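Heads up: the protein sequence lines correspond to chains R and C, in order. Under this note's numbering, the first residue of the first sequence is numbered 627, with each subsequent residue one higher. Under this note's numbering, the first residue of the second sequence is numbered 627, with each subsequent residue one higher. We put the CB at the ideal spot given by N, CA and C, even for glycine. Quick caveat, the model's predicted, so the values are computed rather than measured. One structure is given here, and the rest of the page talks about it.
2 protein chains.
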Amino acid sequence: MNQQIVTRIKCKDCPIRHRAVCSTADETELASMEQIKTYTTHRAGEPILWRGDEIKFVASIVDGVATLGQTLEDGRTQVVGLMLPSDFIGRPGREKSKFDIVASTDVTLCRFERKPFEHLLATTPHISQRLVEIALDELDAARDWMILLGRKTASEKIATFLSMLIKRQHIERIDGMQPRLALPLTREKIADYLALTLETVSRQMTALQRAGVLEFTDRRHFNVLDMDALRRATGDDEPL
Amino acid sequence: MNQQIVTRIKCKDCPIRHRAVCSTADETELASMEQIKTYTTHRAGEPILWRGDEIKFVASIVDGVATLGQTLEDGRTQVVGLMLPSDFIGRPGREKSKFDIVASTDVTLCRFERKPFEHLLATTPHISQRLVEIALDELDAARDWMILLGRKTASEKIATFLSMLIKRQHIERIDGMQPRLALPLTREKIADYLALTLETVSRQMTALQRAGVLEFTDRRHFNVLDMDALRRATGDDEPL
DNA sequence: TTGAAAACTTGATTCAGATCAAGGTTCTTG
DNA sequence: CAAGAACCTTGATCTGAATCAAGTTTTCAA
Numbered sequence: 627m628n629q630q631i632v633t634r635i636k637c638k639d640c641p642i643r644h645r646a647v648c649s650t651a652d653e654t655e656l657a658s659m660e661q662i663k664t665y666t667t668h669r670a671g672e673p674i675l676w677r678g679d680e681i682k683f684v685a686s687i688v689d690g691v692a693t694l695g696q697t698l699e700d701g702r703t704q705v706v707g708l709m710l711p712s713d714f715i716g717r718p719g720r721e722k723s724k725f726d727i728v729a730s731t732d733v734t735l736c737r738f739e740r741k742p743f744e745h746l747l748a749t750t751p752h753i754s755q756r757l758v759e760i761a762l763d764e765l766d767a768a769r770d771w772m773i774l775l776g777r778k779t780a781s782e783k784i785a786t787f788l789s790m791l792i793k794r795q796h797i798e799r800i801d802g803m804q805p806r807l808a809l810p811l812t813r814e815k816i817a818d819y820l821a822l823t824l825e826t827v828s829r830q831m832t833a834l835q836r837a838g839v840l841e842f843t844d845r846r847h848f849n850v851l852d853m854d855a856l857r858r859a860t861g862d863d864e865p866l
Numbered sequence: 627m628n629q630q631i632v633t634r635i636k637c638k639d640c641p642i643r644h645r646a647v648c649s650t651a652d653e654t655e656l657a658s659m660e661q662i663k664t665y666t667t668h669r670a671g672e673p674i675l676w677r678g679d680e681i682k683f684v685a686s687i688v689d690g691v692a693t694l695g696q697t698l699e700d701g702r703t704q705v706v707g708l709m710l711p712s713d714f715i716g717r718p719g720r721e722k723s724k725f726d727i728v729a730s731t732d733v734t735l736c737r738f739e740r741k742p743f744e745h746l747l748a749t750t751p752h753i754s755q756r757l758v759e760i761a762l763d764e765l766d767a768a769r770d771w772m773i774l775l776g777r778k779t780a781s782e783k784i785a786t787f788l789s790m791l792i793k794r795q796h797i798e799r800i801d802g803m804q805p806r807l808a809l810p811l812t813r814e815k816i817a818d819y820l821a822l823t824l825e826t827v828s829r830q831m832t833a834l835q836r837a838g839v840l841e842f843t844d845r846r847h848f849n850v851l852d853m854d855a856l857r858r859a860t861g862d863d864e865p866l
């Protein structure tokens, strides 16, 4: 596991301070977290943790994108989670990872050894409460993804994926400007996340472009031309 | 919502006492839970909570089976969770349900008004710790289901579903006896859970019977004749 | 007890997306 | 900066499961 320890950033200057597992921690609590944290970076494509590995640490994603993946015995794979900045990696109270975690872009982690973190959890209600919220939010997200995997068509899947990226990266339309997005995954990884093939992903993205819904500036960047059309193309009811 | 209040059962005599959200509660804590609980029953087929409804209560399933479901705007449906005895329904801290919850067999719930339960959570670390465990276990289960929905074939889906039923109902093979199982869902609901059609579910079950893996005694009951063959038919790696 | 509805099975046909195939474009690195 | 490797696109064909169809069996209410 190729990784590199980088300079510590002060928690109060941290870009994910207000959204991560530490968001509800007060100054004293933050000080104890600061004690036990380490920053590491992982290059795009490198594994962070394999299925079956001992879970030595938990972490928040500070920057970059990682995938949580599953594999069947014959090699078919499914990405079961997309981890963006402020998301929490690892599971307190579990010895071994059930999933492969792979850096999809260059990733910076704010890492805690598992044992000290578990101690912190047991003694700091603010942090354990935040972790419940995070777990329940992820559970809702996983269940939303289940209807996508089970019942949506290829074009609905692509539209839902792109809408989700826009929503989760907190990208807003600023007076008339159309949102511009970077795809953090290759066509192949998008296919693994949506349960399609890379050919189908490619074709459906081309179709959305031809329909005038969006416009690719290069293979990994696009502008949304018609946000409402994209929303309608997801097949979803209005969100609650 | 047709429901019926039934006689209270004492917590210490409760069949799910050792597995539900109350499992780590001590005697004092159990006493406070006993204060605010109510038992209700729901007939097979009746809704317990619709998507968009205000969440007035949370509950443990004492007996029976309920489904958590999602619907797309054109009516396509996906069951995103199967709730068995000791499972927890509802989400503290959320105002409205994101899912339809429907009794699939007759169901008995041990119910708590949401607000008093949230108070209990905030003041009873044992219960909130247990709720984190439950949420994280459900998250793992949801992610396991994602690879089924995305990448498994129809026959692997059926084999996985039947294996899961055996595992979650804690049915053991007792000296040579083959496990006998009741299907708690109709073919149509199984199809909604596995993202298949009811016709495909029917055909694949017939195929497993013809292959000698299992044997139906009637439409809702079967014996497993070859547990190893069933396990192999799931397509999974060995579990960790 | 019986008639209708619900649940299930089996067969024929269709189709969305997979697979197979052949190139084109953009990175990477020596 | 050249060449190989990744990554992506587009086309032709195939296939697993959906859809359409026609029954049979079971359940349940009147």
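1. Between the Cα of S789 (chain C) and the Cα atoms of C:D689, C:T812, C:L735, C:G861, which residue gives the shortest distance?
2. Taking the C-alpha atoms as reference points, what is the distance between V721 (chain C) and F743 (chain R)?
3. Determine, using beta-carbon pairs with one atom in the segment 807-817 of chain R and one in the segment 638-648 of chain C, whether at least three such pairs fall under 8 angstroms.
4. 7 angstroms is my cut-off, CB to CB: does V706 (chain R) come that close to chain C?
5. Could you work out which residue in C:E814, C:G776, C:T786 is closest to Q704 (chain R) when comparing CA atoms only?
6. Going by DSSP in three states, I887 (chain C) sits in which element: helix, strand or coil?
7. From Q661 (chain C) to T667 (chain C), what does the alpha carbon distance come to, in whole angstroms?
8. With DSSP run on the structure shown, which of helix, strand or coil describes D844 (chain C)?
9. Return the Cβ separation of D852 (chain R) and K724 (chain C) in integer angstroms, given the expectation that the two are a contact with Cβ distance under 8 angstroms.
10. On the three-pair Cβ rule with 8 angstroms, is the segment 675-685 of chain C touching the segment 729-741 of chain C?
11. Excluding the 5 residues flanking Q804 (chain C) on each side, which residues of the same chain have their C-beta closer than 8 angstroms to its C-beta?
12. Reducing DSSP to helix, strand and coil, say where P673 (chain R) ends up.
13. Figure out for me which residue from R:D700, R:W676, R:I635, R:A692 has the closest Cα to the Cα of R669 (chain R).
14. Ignore the nearest five residues each way along the sequence and tell me which others in F842 (chain C)'s own chain have a CB closer than 7 angstroms to its CB.
15. Out of C:I784, C:M709, C:A833, C:K741, which one is the CA nearest neighbour of L822 (chain C)?
16. If you measure from the beta carbon of M772 (chain R) to each beta carbon in chain C, is any gap under 7 angstroms?
17. Kindly indicate which three-state DSSP category G776 (chain R) falls into: helix, strand or coil?
18. If distances are taken between C-alpha atoms only, which option among C:R677, C:T731, C:R702 comes closest to L710 (chain C)?
19. On a CA-only basis, which of C:L820, C:E759, C:S781 is nearest R918 (chain C)? Give me that one, please.
20. If distances are taken between C-alpha atoms only, which option among R:R829, R:V647, R:W676, R:Q755 comes closest to K663 (chain R)?
21. Just to confirm my understanding: we take L762 (chain C), look at its own chain, exclude 5 residues before and 5 after, and list those with CB closer than 6 angstroms. What are they?
22. Locate the alpha helix (DSSP H) running through K741 (chain C), then write down its first and last residues.
23. Kindly list, in the order they appear in chain R, the residues whose Cβ is closer than 8 angstroms to that of E759 (chain C).
24. According to the neighbour-count rule (16 or more other Cβ atoms, all chains shown, within 10 Å of its Cβ), is R846 (chain C) buried or exposed?
25. According to a CB-to-CB cut-off of less than 9 angstroms, which residues of the segment 738-753 of chain C neighbour chain R?
26. Does L765 (chain C) come within less than 7 angstroms of chain R when only Cβ atoms are used?
27. Using DSSP's beta-bridge definition, name the partner residues of M709 (chain R).
28. Could you check which residue in C:E825, C:I792, C:R677 has the C-alpha nearest to that of L856 (chain C)?
29. Take K741 (chain C) as the anchor and find which of C:R829, C:R702, C:G719, C:E655 has the nearest alpha-carbon.
30. Indicate whether at least one CB of chain C lies closer than 7 angstroms to the CB of E655 (chain R).
31. Alpha carbon to alpha carbon, how far is T779 (chain C) from L698 (chain R)? Give it in angstroms, no decimals.
32. Can you list, in chain order, the residues of its chain whose CB lies under 8 angstroms from that of R769 (chain C), leaving out five sequence neighbours each side?
33. Within the continuous beta strand (DSSP E) that includes A808 (chain R), where are the two ends?
34. Which chain R residues sit within Cβ distance under 7 angstroms of Q830 (chain C)?
35. Within 7 angstroms (strictly less), CB to CB, does R777 (chain R) reach chain C?
Well, looking at it:
1. C:G861
2. According to the sequence displayed, residue 721 (chain C) carries Glu and not Val. C-alpha separation (whole angstroms): 31 angstroms.
3. no
4. For V706 (chain R), the answer is yes, since a Cβ of chain C falls inside 7 angstroms of its Cβ.
5. C:G776
6. Residue 887 (chain C) is absent from the structure shown; chain C starts at 627 and stops at 866.
7. 19 angstroms
8. strand
9. Actually they do not touch by this definition, with Cβ atoms about 27 angstroms apart.
10. yes
11. Hits under 8 angstroms: N849, V850, L851, M853.
12. In the displayed model, P673 (chain R) falls within a strand according to three-state DSSP.
13. R:A692
14. Q835, F848
15. C:I784
16. yes
17. helix
18. C:T731
19. Beyond the ends of chain C as shown, which are 627 and 866, falls residue 918 (chain C); an answer cannot be given.
20. R:V647
21. none
22. 740-749
23. G719
24. exposed
25. L747, A748, P751
26. yes
27. R:A692
28. Considering only alpha carbons, the answer is C:I792.
29. C:G719
30. no
31. A straight-line Cα-Cα distance of about 12 angstroms links L698 (chain R) and T779 (chain C).
32. none
33. 806-808
34. Result: empty, since nearest Cβ-Cβ is about 16 angstroms, beyond 7 angstroms.
35. yes
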